[in-house]
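Each remark here refers to the structure printed beneath this line.
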Amino acid sequence: MNFRIAFVAAPVLTFTYGVIRILDGLDGSRGPGLAWTTGHLAFISALVFFAMTFHEMRRLAGRGRLATGLASAGYIGIATLIAQFAIDIIVGFQSADHAAMGVLFDEVQAVPGVQQVIYDFGPLLFFVAQIGLVLHLAIQRRVKAWTPVLVIADVLVPFVEKDLMPLGAAFLLISFLTLARVSRASRLADGRHRVVEPAVPVSV
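Read in order, the letters of the sequence shown are residues 544 to 747 in the working numbering.
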């Protein structure tokens with residue numbers, strides 16, 4: 544499995560979602576429609592690649608308890624975000640206009656636990672894991688100190704202004720390109736040091 548592709552695809556697809564989101568809002572509202580659905584599918588795809596990056600960062604960090612815990616939290620966060628974006632897509636398909644979407648969203652979020660798990664607490668685990676894993680690698684000196692700074696910038700920028708999401712994704716791409724190089728170097732080193740046992744002839 545080529546994890547280097549994941550380190551590039553995750554931020555690129557996040558950037559794509561951010562751009563589509565801006566274009567979707569040019570008429571004053573977002574969704575329903577092709578842009579709404581396409582943008583959400585792009586980010587769901589990004590989340591799949593993010594799961595791969597968490598797996599690889601855990602390996603690079605040594606598969607210890609902290610790295611494993613952070614990666615596990617990240618997987619939970621990814622699952623809740625996929626659920627959230629899937630709900631958004633379904634609501635978009637079932638709504639004639641933006642106002643109708645609001646009514647359906649209210650009904651969904653009124654279900655006990657949905658607001659807290661799918662929209663509030665769950666997604667935070669994704670961001671905590673992302674920052675935590677990169678910080679862990681920086682402390683281990685596997686990546687440069689500026690790498691987690693860019694990841695933190697990517698996480699914080701959308702909280703300031705969601706339309707700046709493409710800028711945050713650009714920060715993330717720069718930091719993830721470093722991680723892709725580290726991943727490649729690590730796997731090449733593992734390949735060179737792997738001991739291949741010689742075949743033992745079978746006695747007749």
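Positions of the beta carbon are idealized from the N, C-alpha and C atoms, including for glycine.
The structure presented is a predicted model; accordingly, all values stated were derived computationally and were not measured.
With respect to the alpha helix (DSSP H) encompassing residue i, which residues constitute its N-terminal and C-terminal limits?
{"i": "Ser-588", "result": "577-603"}
{"i": "Gln-673", "result": "665-682"}
{"i": "Ile-548", "result": "546-567"}
{"i": "Glu-650", "result": "641-652"}
{"i": "Gln-608", "result": "Looking at the sequence itself, residue 608 is Arg, so the reference to Gln does not match. It spans 608-637 - the alpha helix (DSSP H) in which Arg-608 sits, taken as one unbroken run."}
{"i": "Leu-707", "result": "Where Leu-707 is concerned, there is no enclosing alpha helix (DSSP H), given that its DSSP letter is neither H nor E."}
{"i": "Ile-695", "result": "689-703"}
Skipping 5 residues on each side, what residues in its chain have a beta carbon closer than 8 Å to that of residue i?
{"i": "Thr-690", "result": "Val-677, Leu-680, Ala-681, Ser-718, Thr-721 and Leu-722"}
{"i": "Gly-734", "result": "none"}
{"i": "Val-651", "result": "Ile-630, Val-634 and Val-657"}
{"i": "Asp-567", "result": "Arg-573, Gly-574, Gly-576, Ala-578, Trp-579 and Gly-582"}
{"i": "Gln-683", "result": "Ala-604 and Gly-605"}
{"i": "Ala-688", "result": "Ala-681"}
{"i": "Asp-663", "result": "none"}
{"i": "Arg-601", "result": "Ala-610, Thr-611, Leu-613, Ala-614 and Leu-676"}
Please tell me whether residue i and residue j are closer than 8 Å, where the distance is taken between their beta carbons.
{"i": "Leu-667", "j": "Ile-621", "result": "no"}
{"i": "Thr-580", "j": "Ile-632", "result": "yes"}
{"i": "Gly-574", "j": "Gly-645", "result": "no"}
{"i": "Ile-619", "j": "Gly-665", "result": "yes"}
{"i": "Leu-693", "j": "Leu-707", "result": "no"}
{"i": "Ala-550", "j": "Thr-596", "result": "The identity of residue 550 in the sequence shown is Phe, whereas the question assumes Ala. For Phe-550 and Thr-596, yes; Cβs fall inside 8 Å."}
{"i": "Ala-552", "j": "Phe-592", "result": "yes"}
{"i": "His-583", "j": "Phe-648", "result": "no"}
{"i": "Ala-672", "j": "Ala-614", "result": "yes"}
{"i": "His-641", "j": "Ser-588", "result": "no"}
{"i": "Val-700", "j": "Leu-710", "result": "yes"}
Apart from the five residues on each side of it in sequence, which residues of its chain come closer than 7 Å, Cβ to Cβ, to residue i?
{"i": "Ala-712", "result": "Pro-554, Thr-557, Phe-558, Gly-561 and Asp-697"}
{"i": "Leu-569", "result": "none"}
{"i": "Val-725", "result": "Leu-603, Arg-685 and Val-686"}
{"i": "Leu-609", "result": "His-679"}
{"i": "Thr-623", "result": "Val-660, Ile-661, Gly-665 and Pro-666"}
{"i": "Ala-585", "result": "Leu-556, Thr-559, Tyr-560 and Ile-563"}
{"i": "Ser-729", "result": "Leu-603"}
{"i": "Ala-616", "result": "Leu-668, Val-671 and Ala-672"}
{"i": "Ala-594", "result": "Tyr-618 and Ile-621"}
{"i": "Gly-675", "result": "Leu-613"}
{"i": "Gln-637", "result": "Leu-647"}
{"i": "Arg-503", "result": "It is not possible to answer for residue 503, since the shown part of the chain is limited to 544 through 747."}
Count the other C-beta atoms from every protein chain shown that fall within 10 angstroms of the C-beta of residue i, then say buried if there are 16 or more, exposed otherwise.
{"i": "Glu-599", "result": "buried"}
{"i": "Gly-612", "result": "exposed"}
{"i": "Arg-606", "result": "exposed"}
{"i": "Ile-548", "result": "exposed"}
{"i": "Phe-546", "result": "buried"}
Excluding the five sequence neighbours on either side, which residues of its own chain have a C-beta within less than 6 Å of the C-beta of residue i, listed in chain order?
{"i": "Lys-705", "result": "none"}
Does residue i have its Cβ less than 8 Å from a Cβ in chain C?
{"i": "Gly-574", "result": "The structure shown contains no chain C, having only a single protein chain."}
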